[in-house]
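K.L.:
Structure provided below as structure tokens; questions to follow.
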Amino acid sequence: MVKPSICVRIASLSPTASDILGHVGAIDELVGVSSYCLPFIGQRKRVIGSYTTVSLKALRELNPDVVFLEGVVQDGLKDVVEGAGFRTILLPFPRSLGTILDDVILVGTLAGRHRESVELAARLREGMRPSELDGGKRPRVYVEFWLGRDEEDRVVPGALTYVDEMIYVAGGINVLSDVPRGFSRLDPGEVVRLDPDVVIFHLDPFLKMDPEILGRRGWTGIRAVRSGRVHTIWESSEVNLAHHGPSTLVRSISWLSSVISEARKT
């Protein structure tokens, strides 16, 4: 009989995995994290890298049983870490809320917290129940993520993203819900054509909002702007559409629901 491999020393460059470990009671097993993990774990841990870099020297000193990584952005780190002789687990970038719950159970179980992870997934599932709508159309929602200072750093979620499902659960519909792709750039003129009911700018916490953005893009005539349904939110450990860990998931959906509910009244 093969015994399950329980990880007792865990390093994580993935904010999602670190967040999960904290919520299932495995924070002591977490020996090293990325700087981006710190806001979600509530305590100091040794920093072994950033979202896109890793210190192999620190890894060798900590000698973890496994290193958790996040797909897409950290794909390149997988070869680096494995090349140094360490086992990695690359969490796929979630295309749905169901994938997020699967990650909760995977990470928690590998840390020896299967029961706790199943219970956490159940609580999250309960908090992700679709909003009950009393008839009427779903407001069409445009979300733009600002990952950097330049226009090329700003992306929009398509149908193949968990954000698309978050919007639906919250009572709206993503303006790109019929576009089978992940995150991509969108021409400002296309947004005018789509004419969303709600616009959400989601910014990295170190960025400033551009007060001239709507006029420069020619958006002053779209429905969201005319009705005052333009929202700016900065990433935080409370509400964060860019983070798919348990700390912010349900609260982010709740925030979306409140924004979309207001749009349904007009």
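FYI, in the numbering used here the residues of the sequence shown are 62 to 327.
Don't be surprised by glycine CBs; every beta carbon is placed ideally from N, CA and C.
1) Taking buried to mean at least 16 other C-beta atoms within 10 Å of its own C-beta, is GLU131 buried or exposed?
2) Taking the alpha helix (DSSP H) that ILE261 belongs to, which residues open and close that run?
3) Is it true that the CB of LEU302 sits closer than 9 angstroms to the CB of VAL224?
4) Measure the Cβ-Cβ separation of VAL94 and VAL108 and say whether it is below 9 angstroms.
5) Beta carbon of HIS263, beta carbon of ILE294: below 9 angstroms?
6) Quick one: grab the DSSP three-state call for ALA303.
7) Go through its chain and collect everything with a Cβ distance to ILE321's Cβ below 6 angstroms, but skip five positions before and after it.
8) Please determine, among PRO218, ALA87, ARG210, the residue with the shortest C-alpha to C-alpha distance to LYS269.
9) Using three-state DSSP, classify ILE294 as helix, strand or coil.
10) Using three-state DSSP, classify LEU130 as helix, strand or coil.
11) First and last residue of the beta strand (DSSP E) that includes PRO218?
12) Rounding to the nearest angstrom, what Cα-Cα distance links LEU255 and GLU193 in this structure?
13) Please state the DSSP three-state secondary structure of GLY93.
14) If I measure Cβ to Cβ from ARG312 and keep anything under 8 angstroms in the same chain, skipping five residues before and after, which residues do I get?
15) Over the uninterrupted beta strand (DSSP E) stretch that includes THR77, give me the two end residues.
16) Measuring CB atoms only, is the stretch 69–88 touching the stretch 122–129, in the sense that at least three cross pairs come out at less than 8 angstroms?
17) Give the secondary structure of LEU275 by DSSP, where H, G and I count as helix, E and B as strand, and everything else as coil.
18) If you run the structure through DSSP and keep just helix, strand and coil, what is VAL286?
19) In three-state DSSP terms, what is LYS176?
20) Where does GLU193 sit, in a helix, a strand or coil, going by DSSP?
21) Three or more C-beta pairs closer than 8 angstroms, one from the stretch 236–249 and one from the stretch 208–222: is that the case here?
22) In three-state DSSP terms, what is MET62?
23) How far does the beta strand (DSSP E) with LEU151 in it reach, from first residue to last?
24) Can you tell me which of the three DSSP states SER308 falls into?
25) Could you give the distance in angstroms between the alpha-carbon of TYR97 and the alpha-carbon of SER73?
P.N.:
Checking against the coordinates, here is how it stands:
1) Start at 1 with the first residue of the sequence shown, and residue 131 comes out as number 70. Flag for GLU131 reads buried.
2) Position 200 of the sequence shown, counting from 1, holds the residue named residue 261. Where ILE261 is concerned, there is no enclosing alpha helix (DSSP H), although the beta strand (DSSP E) around it starts and stops at 259–264.
3) Indexing the sequence shown from 1 puts residue 224 at position 163. Indexing the sequence shown from 1 puts residue 302 at position 241. The beta carbons of VAL224 and LEU302 sit closer together than 9 angstroms.
4) In the sequence shown, the residue the question calls residue 94 occupies position 33. In the sequence shown, the residue the question calls residue 108 occupies position 47. Result yes, Cβ atoms of VAL94 and VAL108 sit closer than 9 angstroms.
5) Translated into positions along the sequence shown, residue 263 becomes position 202. Translated into positions along the sequence shown, residue 294 becomes position 233. It is a contact, given that the beta carbons lie within the stated cut-off.
6) The sequence position of residue 303 within the sequence shown is 242, counting from 1. Per DSSP, reduced to three states, the secondary structure at ALA303 is coil, with no helix or strand assignment.
7) Taking the first residue of the sequence shown as position 1, residue 321 is located at position 260. If we look at ILE321 and ignore the five residues flanking it on each side, its Cβ neighbours are PRO200, ALA231, GLY232, GLY233.
8) By one-based count along the sequence shown, residue 269 stands at place 208. Nearest C-alpha to LYS269: ARG210.
9) For the purposes of this step, residue 294 is taken as residue 233 along the sequence shown, with counting starting at 1. Strand, per DSSP.
10) Taking the first residue of the sequence shown as position 1, residue 130 is located at position 69. Three-state result, LEU130: strand.
11) The residue given as residue 218 occupies position 157 in the sequence shown. For PRO218, the uninterrupted beta strand (DSSP E) segment begins and ends at 215–218.
12) Here residue 255 corresponds to residue number 194 of the sequence shown, with the count starting at 1. Here residue 193 corresponds to residue number 132 of the sequence shown, with the count starting at 1. Distance between the alpha carbons of LEU255 and GLU193 is about 25 angstroms.
13) Here residue 93 refers to the residue found at position 32 of the sequence shown. Taken through DSSP and simplified to helix, strand or coil, GLY93 comes out as strand.
14) Here residue 312 corresponds to residue number 251 of the sequence shown, with the count starting at 1. The residues are GLU299, VAL300.
15) For the purposes of this step, residue 77 is identified with residue 16 of the sequence shown, where counting begins at 1. First-last for THR77: 76–84, but that is the alpha helix (DSSP H), not the beta strand (DSSP E).
16) For the pair of segments examined, the stretch 69–88 was found to touch the stretch 122–129: the number of CB pairs separated by less than 8 angstroms reaches three.
17) Walking along the sequence shown from the start, residue 275 turns up at place 214. The three-state secondary structure of LEU275, taken from DSSP, is helix.
18) Against the sequence shown, residue 286 aligns to sequence position 225. Helix at VAL286.
19) The count along the sequence shown starts at 1 and reaches residue 176 at position 115. Note on residue identity: the sequence assigns Arg, not Lys, to residue 176. In the structure shown, ARG176 sits in a helix (DSSP, three-state: H, G or I).
20) Locating residue 193 in the sequence shown gives position 132, counting from the first residue. DSSP places GLU193 outside both helix and strand once states are collapsed to three, so it counts as coil.
21) Look at the beta carbons and you see the stretch 236–249 touching the stretch 208–222: at least three pairs across the two are nearer than 8 angstroms.
22) As a first step, residue 62 is located in the sequence shown; it is residue number 1 there, counting from the start. At MET62, the pLDDT of 35 sits below 50, so the modelled position is not reliable; the number obtained from the coordinates is stated separately. Shown here, MET62 sits in coil according to DSSP, grouped into three states, outside any helix or strand.
23) Walking along the sequence shown from the start, residue 151 turns up at place 90. LEU151 -> beta strand (DSSP E) spans 149–152.
24) In the sequence shown, counting from the first residue as 1, residue 308 sits at position 247. DSSP, read as helix, strand or coil, puts SER308 in coil.
25) For the purposes of this step, residue 97 is taken as the residue at position 36 of the sequence shown. For the purposes of this step, residue 73 is taken as the residue at position 12 of the sequence shown. Roughly 10 angstroms separates the two Cα atoms.
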